[in-house]
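Only one structure is covered here, and it is reproduced in the block below.
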Amino acid sequence: MIELQDVNKTYLVGESPLQALRDVNITIDAGEYLSVMGPSGSGKSTLLNMVGLLDRPDSGSYRLEGTATEELGEEARARLRADYVGFIFQAFHLINRLTTLENVELPMMLAGIAPKKRRQSALDVLEQVGLADRAGHRPNQLSGGQLQRVAIARAIVMRPRILLADEPTGNLDQASGAEVVEVLENLNREGITLLVVTHDAQLGKRARRRIRMVDGQIESDTGDGNAPAGSTAL
Amino acid sequence: MRLLDQLHFNGQLFLRHRVRTVLLLLAVGLGVASVIMLTSLGEGARRYVDREFSALGNQLLIVLPGRKETTGGAPPIYGAAPRDLTLEDAQALERLPAIRAVAPVIAGTAPVTRGSRSREVIVLGSTAAIFQVRKMDVAQGKILPERADSEALAVCVLGSKLKQELFGNRRAIGEWVRAGDRRMRVIGVLEERGESLGLDLRDMIIVPVRTAEQMFNSPGLFRVLLELDANADFDRVEERVRGVIRERHEGEDDVTLISQDSMLAAFNNILTTLTLAIAAIAAISLLVAGILIMNISLISVSQRRREIGLLKALGGSSRQVRQLFLGESLLLVSLGSVAGVAVAWVAVLVVARLWPAFPLAPPWWSVPAAVGTALLSGLVFSLIPARRAAALDPVLAMRGQDL
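Residue numbers (my numbering), protein chains in the order written: chain A, 1 to 234; chain B, 235 to 637.
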């Protein structure tokens with residue numbers, strides 16, 4: 001359960017302030033599938049980072065699973081992020097010197113989980129994204145689609161409630177993009193809340209709930225994020 | 235994050251950046267090694283002096299003619315004497331209790347000639363007691379006879395090198411040599427012992443003290459060496475010696491007394507201070523290594539901005555990021571230190587083998603001091619880079635933008 005109330009965020013771009021979020025109010029229930037679209041600079045990435053606890057609101061409140069996050073210190077926010085949120089980035093952000101398996105294990109390593117347990121979890125999620133046979137490979141030996149699937153495995157290895165994807169298909173060709181979207185939608189079907197930020201209208205339309213942002217404000221919010229699959233406007 | 239995981243994480247980083255890692259290891263290792271090796275030199279010098287003194291026995295009291303009015307400071311080696319210290323003074327001292335042996339010494343240089351070969355050497359005029367007091371012995375022949383303190387006998391004992399130079403491998407005992415303007419018979423050759431307190435025992439000639447008196451035409455002694463009984467009280471003996479000299483020198487105790495201990499203590503002080511100073515100079519190289527670590531860590535932080543942002547997005551806290559960077563430096567310094575200690579150890583062993591006369595050895599404090607300074611410098615200089623890494627905004631960092 002994600003609740004943002006009157007959230008404002010202003011960045012200084014050079015000398016002039018840029019209001020990235022303007023009185024944003026949004027409630028996202030568990031298991032929703034929603035997309036956030038809008039032109040560049042409309043605040044959609046800021047919204048994503050806000051939800052992912054990477055950014056703090058200047059004003060307003062953000063409750064995650066009932067916890068008022070704006071009162072938490074850096075350590076507590078990091079812990080909450082580790083437990084509830086998984087990130088997927090346009091540029092994958094895998095660490096090249098680590099193997100696929102080690103990359104997937106990284107969140108569990110940071111959380112201090114024992115090597116044996118995290119190895120099993122990492123192998124399980126790699127199986128889930130169909131890359132169990134690539135566990136020993138390094139990122140530079142994998143294709144773009146495979147890299148993003150490894151990144152997804154890394155995002156879900158801690159069994160988060162929320163998956164935040166920033167242009168997950170932006171660096172991929174059609175076929176790999178479709179594979180990645182399928183993996184993500186499967187995860188959503190199993191109950192994870194999926195929030196996708198994208199420029200891609202095709203991808204945006206697949207979500208059951210679609211949010212459009214302009215100038216830091218939510219311009220439109222259509223559809224029901226928890227409607228049964230198949231009832232989406234396709 | 236578990237310690238083992240952090241070590242593994244940092245280790246992978248080192249493997250990835252081999253050149254960088256090797257250079258830093260080299261910087262730290264050389265710093266640590268230089269501290270240990272240089273302090274070993276200082277400590278070696280201290281031990282060398284220590285050994286030289288103890289070779290003489292520690293029951294030695296040296297009487298020098300003349301008196302310095304300033305007390306304290308380094309002991310005077312030569313004094314300007316208003317009254318000579320004479321052989322008769324030395325013989326008077328012999329009658330004191332608690333004194334085992336008295337060796338008067340007259341020193342000078344003279345050419346020693348045999349046939350066409352001639353060599354300018356130190357001439358030591360003394361008595362049979364000198365052999366006991368300075369722990370010398372002959373390899374061949376005899377030491378000076380007992381009568382050497384009263385008669386100007388024409389006999390001498392040669393240092394081993396001098397014997398070799400004049401006689402080669404032929405027998406020297408019973409042969410005649412010319413020292414200055416006097417002919418004398420060789421009665422003994424000293425055993426090989428190298429230097430003792432800067433005097434090359436191998437390259438000198440020992441003659442009876444009366445003979446030396448005539449050779450140098452001077453009744454004044456260079457010094458008198460006293461060997462005391464094993465449990466003698468130095469202060470009391472010193473008082474008695476001064477008493478005897480006062481009696482014989484018209485009420486003036488115009489001599490300077492140096493005990494083995496006071497001389498040793500003075501040398502010890504000087505050499506320990508020297509060693510510490512050398513260590514401080516060597517420690518500067520560790521400071522330089524620290525600054526190098528800071529530089530490279532700062533570069534590393536800006537190169538790894540994306541990674542740092544990622545770690546934070548994956549649930550890593552600022553504290554963890556700081557720990558990773560500090561841990562990286564400390565691990566590097568530890569490895570470098572181990573390498574440095576190993577190198578220094580091998581170097582000391584090699585030098586000790588090549589040059590056994592010099593007791594090269596690191597003082598006990600040099601390894602902990604070197605490693606401690608290295609760790610401290612590594613820690614202090616990586617605080618700034620680590621703090622900078624921890625403060626990175628993950629969102630901006632991952633976009634790869636500049637701050």
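We put the CB at the ideal spot given by N, CA and C, even for glycine.
Query                                                                                                                               : Result
Cβ neighbours of B/Val471 in the same chain (closer than 8 Å, five flanking residues each side left out)                            : Leu295, Leu330, Ala332, Ile333, Leu460 and Leu462
Per-residue contacts from A/Met37 into chain B (C-beta, under 9 Å)                                                                  : Those do not exist, as A/Met37 stays about 19 Å from chain B at its closest Cβ, beyond 9 Å.
Complete runs of the alpha helix (DSSP H) confined to the segment 72-108 of chain A [at least 4 residues]                           : 74-84
Alpha helix (DSSP H) runs contained entirely in the segment 473-556 of chain B, provided each spans 4 or more residues              : 494-537 and 539-547
Beta carbon of A/Thr193 nearer than 7 Å to that of A/Glu32                                                                          : yes
Every unbroken beta strand (DSSP E) within the segment 34-78 of chain A, with a cutoff of 3 residues, ordered by chain              : 59-64
Cβ contact (3+ pairs, closer than 8 Å) linking the segment 49-56 of chain A and the segment 206-222 of chain A                      : no
The segment 516-530 of chain B touching the segment 262-271 of chain B, judged by at least three CB pairs closer than 8 Å           : yes
B/Lys376 and B/Ile421 closer than 7 Å at C-beta                                                                                     : yes
Classification of B/Asn465 by the beta-carbon crowding that lies within 10 angstroms, buried from 16 upward                         : exposed
Neighbour list for A/Asn49 in chain B, Cβ cutoff strictly below 7 Å                                                                 : Val629
Three-pair Cβ contact test at 8 Å for the segment 380-400 of chain B versus the segment 348-358 of chain B                          : yes
Three-pair Cβ contact test at 8 Å for the segment 78-93 of chain A versus the segment 161-179 of chain A                            : yes
Separation of A/Gln128 from A/Ala227, as counted between CA atoms                                                                   : 25 Å
Distance between B/Ile504 and B/Ile479 (C-alpha atoms, nearest Å)                                                                   : 32 Å
Cβ pair A/Glu75, B/Ser551 closer than 7 Å                                                                                           : yes
Interface flag, A/Ala151 vs chain B, CB-CB below 7 Å                                                                                : no
7 Å Cβ cutoff met for A/Ile2 and A/Val51                                                                                            : yes
Length of the line joining the Cα atoms of A/Tyr11 and A/Ala20                                                                      : 7 Å
For B/Leu249, the three-state DSSP class (helix, strand or coil)                                                                    : helix
Same chain, Cβ closer than 6 Å to B/Val535, five either side skipped, listed in chain order                                         : Pro619, Arg622 and Ala623
B/Ser274 vs B/Ala595 beta-carbon contact at 7 Å                                                                                     : yes
Alpha-carbon to alpha-carbon, B/Val572 and B/Val582                                                                                 : 15 Å
Top-ranked residue by Cα proximity to B/Met418, from B/Leu424, B/Arg427 and B/Ile407                                                : B/Ile407
Contacts around A/Gly274, its chain only, beta-carbon distance under 8 Å, and the 5 residues preceding and following it disregarded : Outside the shown range of chain A, which is 1 to 234, sits residue 274 of chain A, and nothing can be said about it.
Identity of the residues DSSP links to B/Pro453 by a beta bridge                                                                    : DSSP output for B/Pro453 lists no bridge partner at all.
Chain A contacts made by the segment 535-563 of chain B, where a contact means CB separation under 9 Å                              : Arg540, Glu541, Gly543, Leu544, Leu545, Lys546, Ala547, Leu548, Gly549, Gly550, Ser551, Ser552, Arg553 and Gln554
Beta-carbon gap between B/Ala362 and B/Ala335 smaller than 7 Å                                                                      : no
CB contact below 7 Å: A/Pro107 versus chain B                                                                                       : yes
B/Leu637 to A/Leu18 span [Cα, whole Å]                                                                                              : Confidence is the limiting factor: at B/Leu637 the pLDDT is only 36, short of 50, which leaves the residue's position unreliable and the question unanswerable from this model.
Bridge partner(s) assigned by DSSP for A/Ile28                                                                                      : A/Ile2
Start-to-end residues for the beta strand (DSSP E) that takes in A/Ser220                                                           : Gln217 to Thr222
Spatial distance of A/Val196 from A/Ser42 (CA atoms)                                                                                : 15 Å
Own chain residues within Cβ distance below 6 Å of B/Leu272, not counting five before or after                                      : Ile512 and Ala516
Spatially closest choice to B/Leu392 from B/Leu569, B/Gly359 and B/Leu609, by CA coordinates                                        : B/Gly359
Closer than 7 Å at the beta carbon, the chain A residues around B/Arg250                                                            : Arg97
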